[in-house]
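A.B. asks: Sequence lines, in order, name chains A and B. Counting in my numbering, the first sequence runs from 337 upward without gaps. Counting in my numbering, the second sequence runs from 158 upward without gaps.
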Amino acid sequence: MKTLKLILFICITSFYTNSVAQDVLIEAESFVDKGGWVVDPQFVEQMGSPYLMAHGMGVPVENAITNVNFKEKGKYHVWARTKNWAPGNWDAPGQFKISVNGKVLKNTLGLTSGWTWEYAGKVNIESNEVEIQLSDLTGFNGRCDAIYFSQSKKMPTEAETNLASWRKAKLGETTIPEQQKSYDLVIVGGGLAGCAAAISAAEQGLNVALIHDRPVLGGNASDEIRVHTLGIYGKFERILKMIDTEHYPNGSYKAKYDQERRDKNVKSYKNIDLFLDWRAYDAISENNAIKYVDARNTATGERIRFKAPRFVDSTGDGWIGFWAGAEFSYGRESSKTYGEAWDKWGELWSPEEGDDFVMGASVLWQNEKTNEVHDFPELPWAADVAKEHKAIAGEWQWEFSRNDLHQIDDAEEIRDHMLRAIYGSFANAKKLDENKNYKLEWVSYLVGKRESRRLIGDYIYTFNDVKNLTKFEDAVVEEKRAVDVHYQINLKDSEEPDFLSEALFYKGPKYYIPYRSLYSKNISNLFMAGRNFSCSHIGLGGPRVMLTTGQMGAAVGIAAAICEKYNVTPREVYTKHLQEYLEVIEKQQ
Amino acid sequence: MTNEWKDISKDEFIFEFESLDTVYHTQISHQVRLLSNSAGAPRLFFSEIETPVCADGVCQLAHINVYWDLLGNYVGYGISPEFQLTKFEHEQFGKEDYIKLHQLLLDDNSILKRRKVSDLIDEAPVATSTIDSEVIDGISGATKTEIAESLVKGGLYSCYTIWHLVHGEAQEKMEKYLTSISSDTLMHYFLYAPYNDYQMFALRELPKEDFKEHATQILNIFRTADGVGKAYILKKIPSDILSEKEITSQFYNEFSLIDVNSRTLLINRLKSAHPDAIEILSNYLDRMTRNQLKLYLKCLNSDPNFISKNCLSNLKKASKNTGFTYHYLLREFLNKI
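1. What does Thr-381 (chain B) touch in chain A if you count any residue whose Cβ is under 8 angstroms from its own?
2. Can you give the beta carbon distance from Ala-839 (chain A) to Asp-810 (chain A), rounded, assuming they're within the 8 angstroms contact cut?
3. Work out the CA separation of Thr-636 (chain A) and Gln-358 (chain A) for me, nearest whole Å.
4. What residues from chain A crowd round Gln-449 (chain B), counting only those whose CB sits closer than 7 angstroms?
5. Starting from Lys-603 (chain A), trace the alpha helix (DSSP H) in both directions and tell me its first and last residue.
6. Quick check on Gly-235 (chain B): buried or exposed, where buried means 16 or more other Cβ atoms within 10 Å of its Cβ?
7. Ordered along the chain, which non-local residues of its own chain (more than five positions away) have a Cβ less than 6 angstroms from that of Lys-912 (chain A)?
8. Between which two residues does the alpha helix (DSSP H) carrying Asp-341 (chain B) extend?
9. In chain order, what residues of the same chain lie with their CB nearer than 6 angstroms to the CB of Phe-326 (chain A), ignoring the 5 residues before and after it?
10. Does Cys-871 (chain A) come out as helix, strand or coil in the three-state DSSP assignment?
11. Considering only their Cβ atoms, is the gap separating Lys-167 (chain B) from Ser-193 (chain B) smaller than 8 angstroms?
12. Could you compute how far the alpha carbon of Thr-285 (chain B) sits from the alpha carbon of Glu-777 (chain A)?
13. What separation, rounded to the nearest whole angstrom, lies between the Cα atoms of Asn-478 (chain B) and Arg-488 (chain B)?
14. Roughly how many angstroms lie between the CA atoms of Val-699 (chain A) and Ile-523 (chain A), to the nearest whole one?
15. Going by C-alpha distance, which of A:Ser-860, A:Asn-800, A:Val-459 and A:Ala-505 is nearest Asn-623 (chain A)?
16. Using the rule of at least 16 other Cβ atoms within 10 Å of the residue's Cβ for burial, across every protein chain shown, is Asp-794 (chain A) buried or exposed?
17. Chain B beta carbons: is any one of them nearer than 8 angstroms to that of Leu-447 (chain A)?
18. May I ask which residues mark the beginning and end of the beta strand (DSSP E) holding Cys-480 (chain A)?
19. What residues in its chain sit with their C-beta under 8 angstroms from that of Arg-867 (chain A), if we drop five residues either side in the sequence?
20. Can you have a look at Pro-687 (chain A) and say buried or exposed, based on whether 16 or more other CB atoms are within 10 angstroms of its CB?
21. Return the CA-CA distance between Ser-650 (chain A) and Ile-620 (chain A), expressed in angstroms with no decimal places.
22. Between B:Ile-171, B:Ser-204 and B:Leu-472, which has its C-alpha nearest His-187 (chain B)'s C-alpha?
23. Can you tell me whether Pro-395 (chain B) is buried or exposed? The criterion is at least 16 other CB atoms within 10 Å of its CB, across all chains shown.
24. Where does Ala-718 (chain A) sit, in a helix, a strand or coil, going by DSSP?
25. Can you tell which of A:Ala-818, A:Ala-400, A:Leu-862 and A:Gly-889 has the C-alpha that lies nearest to the C-alpha of Phe-664 (chain A)?
26. Hey, which unbroken runs of the alpha helix (DSSP H) at 4 residues or more fall wholly within the region 338-408 of chain B?
27. Three-state secondary structure (DSSP) at Arg-562 (chain A)?
28. Taking Ala-388 (chain B) as the query, report the chain A residues whose CB atoms sit under 9 angstroms from its CB, ordered along the chain.
29. Below 8 angstroms CB to CB, which residues in the same chain sit around Asn-739 (chain A) once its five sequence neighbours on both sides are set aside?
30. For a quick check, are the C-beta atoms of Cys-468 (chain B) and Leu-427 (chain B) less than 8 angstroms apart?
31. Whose C-beta lies closer than 8 angstroms to the C-beta of Lys-803 (chain A) among residues of the same chain, with five residues either side of it excluded?
32. Against chain A, does Val-223 (chain B) count as a neighbour if the rule is that its beta carbon must be under 8 angstroms from one of theirs?
33. What does the alpha-carbon distance come out to for the pair Ser-670 (chain A) and Lys-393 (chain B)?
34. Once you ignore the five residues that flank Asn-556 (chain A) on each side, which residues in its own chain have a CB closer than 7 angstroms to its CB?
35. Under 8 angstroms, Cβ to Cβ, is there at least one residue of chain B near Glu-724 (chain A)?
36. DSSP on Ile-288 (chain B), reduced to helix/strand/coil?
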């Protein structure tokens, strides 16, 4: 087994003893052999780092193992940064232990509310080569962000150690990534929108970087999240068919059949450099133009600075725009802001006073019926959420939004709430004799989001454009899918579970989305494609699905090529080269 | 609706609406009548509907009397004993079927709204009793299951046709008609009627300056409304009303009894409530979510005077309650003040 290279030894002077103490920080996601643990990079911006999670669906996963070189032998105190992800008056669901050179440390971990350092125990390091293992005890999503060895007894506090600067210091990072790469176009986010943008730009001759924080492409359509694609192909049927899926039911294992084909098709373009498992963490702008995007490998921590004249934000959450200072919106506008009221549905559709009660995120799951009886434990920590609800599979209605939870800032809590809903509902269903042969076949641990930040462009697309059938001179995306917005059903009936939703539909003829909604109003070299395009809350209701957002991606890829050809900004494609742009799009059919 | 049926003494024709004859593909007209009580106040819409309910003309015509409230919401139907509804192969609806039809018609967001009748016919039906992962994948998403659950078994055409009659053009015309007869008297009736839809309609129409006059009833509505209604009231109630000591006390003492989203809105409105609200909420710290508690503590932080003796005592007590998940946030807060 390889020895972990990233560990940095830092000598610090103890304030109290004036003696020199040794400490070592190990990012858990850097473990060389992850066993059955998975890397979860979804909440880096909130809790500071990707982390390892024991996603065993009730069956403890294989140990994660890594080897570390210690320069100094001696006695060490060991802490793990972890959390009890479902705190309450019951045993914590995600318990685990750490062992060092085969010795299991005394304390069980994963017991404290909120991300914090828990003391694992002390250990005598007698050789320079040290093996560390994480042992899952429950199979229910124990999580370990980092392990900290220190010869000092002073426990690191969360206040000092969740700071990016502390980690940078411990890991010896400089501010600027040493590796730098230049491209014609840098696309961040490998969902269908990002993939389509990469393909269309590459076909127009641009050298493209596609940065994606997962090992597979497709985002919500991927085998990891398994939402089926909806919408039409518009002008981009050929491109979108390369990355689309058959219409499998939400959560179906059939999602995997198209996964390989999608990845292979994107990889087949020689001028697309694909950075899988790389998560962007910053975008640096000067004079309202992005100069660089910095990204980090979700497992190794390696970093690269990406330089380009233009960028595409297809992150869904609008991170590139957010970091760069792009104007954005979040939440539901008041019905008067854009005149989007629909009396029939009143507040459920568009509130008189704006708020943050957006459409929620789904976590899909599926069962397997076998010829054997499978037990499933009673789960007090899940019963609190599932209550009496019974289910053996999920669908799109499994969705969570609450007005005090932000779909980005609180995404981990939202995901964890859904896990409790799933496990608890399945545990309830398993009490029925008719379900004795079912076992959990698959539960996603990735949040399938519907709505979060929306970057503001030169045009804000609204419900009125659907109702009025606005035919824009710069229409580049077309869609005929009904506008649908979701609400949590417990808003209408408090007896219903809080993790199920219902949809309200507005069905009309085909509608169009203008190019001006696909580039930032105030960041001069930023395109956006995906659910973070420029629209209102209700405006998002129709075009938020993946084929529509795929069209957006394909459209901005072509626009980027026009920008390159004339050395112009995205806005100038509209003001100076619209005819040529539309002609190129027309040829895509 | 219950009492409205008892005192109907006037019945007048107001408009017609049309539906498609599924046999001859022509339009059929139906009359809608306005039913008023002995005082002449409008109470219900009503229509005697006679329509084919299948595509080939073999089925018996359906005769059904439909009632809507004044907002155009379906409220009930009647069937004459000699004109029982029928389903597949002329079998008559049973008692359970009539109940299911009523439930279906109450659902104004039924999936039937978005589907053609041809979409509802599964060419290769799947027995639900054999559902496993393979079979689930054979159904087009949740759709077919959802439809099956909505319908009277064997009565697909009847259900589809009647639902669209009840929720189609007639409702749009009723909404317009209501506008033409809207008055202060009618809105007063709506506000004080025991029906959530009426109450919410009246609240939307109610000028903010009239909230004080109706504060007691608005509080009554708040107590019985669903989450949407509660949220609406908490957003709309003017600050000068909410800030009155008695009104604040009545609303904020509901904290432990209401849904989680309404609790957030109560905390959001602390700054426009009477200062007593801070202390009242300190009794319910262990009912708050993490973000609600943070919002509440942020409000406390904004003015040290908000932390009364009782409030501080409650903060300390909750910070020691290890059964409260977020007691550590209180400890951190207390350490800083």
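Beta carbons: idealized from backbone N, C-alpha and C, even for Gly.
C.D. replies: Inspection of the coordinates gives the following:
1. Mapped onto the second sequence, residue 381 (chain B) falls at position 224. Residues of chain A passing the Cβ test: none, with the nearest at roughly 11 angstroms.
2. By 1-based counting over the first sequence, the position of residue 839 (chain A) is 503. By 1-based counting over the first sequence, the position of residue 810 (chain A) is 474. Going by Cβ atoms, the distance from Ala-839 (chain A) to Asp-810 (chain A) rounds to 30 angstroms, so no, they are not a contact pair.
3. If you number the first sequence from 1, residue 358 (chain A) lands on position 22. If you number the first sequence from 1, residue 636 (chain A) lands on position 300. Answer to the nearest angstrom: the Cα atoms are 23 angstroms apart.
4. As a first step, residue 449 (chain B) is located in the second sequence; it is residue number 292 there, counting from the start. Correct list: Asp-740.
5. Walking along the first sequence from the start, residue 603 (chain A) turns up at place 267. Residues 591-603.
6. Here residue 235 (chain B) corresponds to residue number 78 of the second sequence, with the count starting at 1. It counts as exposed.
7. As a position in the first sequence, residue 912 (chain A) is number 576, starting the count at 1. The same chain holds no residue with a CB closer than 6 angstroms to that of Lys-912 (chain A) once the five nearest residues on each side in sequence are set aside.
8. Mapped onto the second sequence, residue 341 (chain B) falls at position 184. From DSSP, the alpha helix (DSSP H) with Asp-341 (chain B) extends over 341-349.
9. Because residue 326 (chain A) is not part of the residues shown, which for chain A are 337 to 925, the question remains open.
10. Within the first sequence, residue 871 (chain A) is the residue found at index 535, counting from 1. Correct three-state label for Cys-871 (chain A): strand.
11. For the purposes of this step, residue 193 (chain B) is taken as residue 36 along the second sequence, with counting starting at 1. For the purposes of this step, residue 167 (chain B) is taken as residue 10 along the second sequence, with counting starting at 1. Cβ distance < 8 angstroms, so Ser-193 (chain B) and Lys-167 (chain B) count as in contact.
12. Translated into the one-based positions of the second sequence, residue 285 (chain B) becomes position 128. Translated into the one-based positions of the first sequence, residue 777 (chain A) becomes position 441. In this predicted model, Thr-285 (chain B) has a pLDDT of only 39, less than 50, meaning its place in the structure is not dependable; the value taken from the coordinates is given anyway. Computed Cα separation, rounded: 20 angstroms.
13. Start at 1 with the first residue of the second sequence, and residue 478 (chain B) comes out as number 321. Start at 1 with the first residue of the second sequence, and residue 488 (chain B) comes out as number 331. For Asn-478 (chain B) and Arg-488 (chain B), the distance between alpha carbons rounds to 10 angstroms.
14. The count along the first sequence starts at 1 and reaches residue 699 (chain A) at position 363. The count along the first sequence starts at 1 and reaches residue 523 (chain A) at position 187. Between Val-699 (chain A) and Ile-523 (chain A), the C-alpha separation is close to 26 angstroms.
15. Taking the first residue of the first sequence as 1, we reach residue 623 (chain A) at position 287. Per the Cα distances, A:Ser-860.
16. Against the first sequence, residue 794 (chain A) aligns to sequence position 458. Classification for Asp-794 (chain A): buried.
17. For the purposes of this step, residue 447 (chain A) is identified with residue 111 of the first sequence, where counting begins at 1. Chain B contact via Cβ: absent.
18. What you label residue 480 (chain A) is simply residue 144 of the first sequence in a count that begins at 1. From DSSP, the beta strand (DSSP E) with Cys-480 (chain A) extends over 476-486.
19. Mapped onto the first sequence, residue 867 (chain A) falls at position 531. When the five nearest sequence neighbours on each side are left out, the beta carbons in the same chain lying within less than 8 angstroms of the beta carbon of Arg-867 (chain A) are those of Gly-652, Lys-785, Arg-786, Glu-787, Ser-788, Arg-790, Leu-876, Arg-880 and Thr-885, in order along the chain.
20. In the first sequence, the residue the question calls residue 687 (chain A) occupies position 351. Burial call: buried.
21. The residue you call residue 650 (chain A) lines up with position 314 of the first sequence. The residue you call residue 620 (chain A) lines up with position 284 of the first sequence. The straight-line gap from Cα to Cα measures roughly 17 angstroms.
22. Taking the second sequence and counting its residues from 1, one reaches residue 187 (chain B) at position 30. Answer by Cα proximity: B:Ser-204.
23. If you number the second sequence from 1, residue 395 (chain B) lands on position 238. Label assigned to Pro-395 (chain B): exposed.
24. The sequence position of residue 718 (chain A) within the first sequence is 382, counting from 1. Here Ala-718 (chain A) sits in helix by DSSP.
25. By 1-based counting over the first sequence, the position of residue 664 (chain A) is 328. The residue with the shortest Cα to Cα distance from Phe-664 (chain A) is A:Leu-862.
26. 341-349, 353-362, 372-381, 384-393 and 396-399
27. In the first sequence, counting from the first residue as 1, residue 562 (chain A) sits at position 226. Arg-562 (chain A) falls in the coil class under three-state DSSP.
28. The residue given as residue 388 (chain B) occupies position 231 in the second sequence. Result: Glu-683, Pro-687, Asp-691, Phe-693, Asn-739 and Leu-827.
29. Translated into the one-based positions of the first sequence, residue 739 (chain A) becomes position 403. Excluding positions up to five away in sequence, the list reads Asp-691, Asp-692 and Phe-693.
30. The residue given as residue 468 (chain B) occupies position 311 in the second sequence. The residue given as residue 427 (chain B) occupies position 270 in the second sequence. Not in contact: Cys-468 (chain B) and Leu-427 (chain B) (Cβ atoms no closer than 8 angstroms).
31. On the first sequence, position 467 is the one that residue 803 (chain A) refers to. Taken in chain order, the residues that qualify are Tyr-842 and Gly-844.
32. The residue given as residue 223 (chain B) occupies position 66 in the second sequence. No, Val-223 (chain B) does not count as interfacial toward chain A.
33. Stepping through the first sequence from its first residue, residue 670 (chain A) is reached at position 334. Stepping through the second sequence from its first residue, residue 393 (chain B) is reached at position 236. Rounded to whole angstroms, the separation of the alpha carbons of Lys-393 (chain B) and Ser-670 (chain A) is 12 angstroms.
34. As a working note, residue 556 (chain A) is residue 220 in the first sequence. Only Gly-527, Val-563, Gly-784 and Met-882 meet the Cβ criterion.
35. By one-based count along the first sequence, residue 724 (chain A) stands at place 388. Chain B contact via Cβ: absent.
36. Reading the second sequence from its first residue, position 131 is the one you call residue 288 (chain B). Here Ile-288 (chain B) scores only 36 on pLDDT, less than 50, and its place in the model should not be relied on; the value that follows carries that caveat. Three-state result, Ile-288 (chain B): coil.
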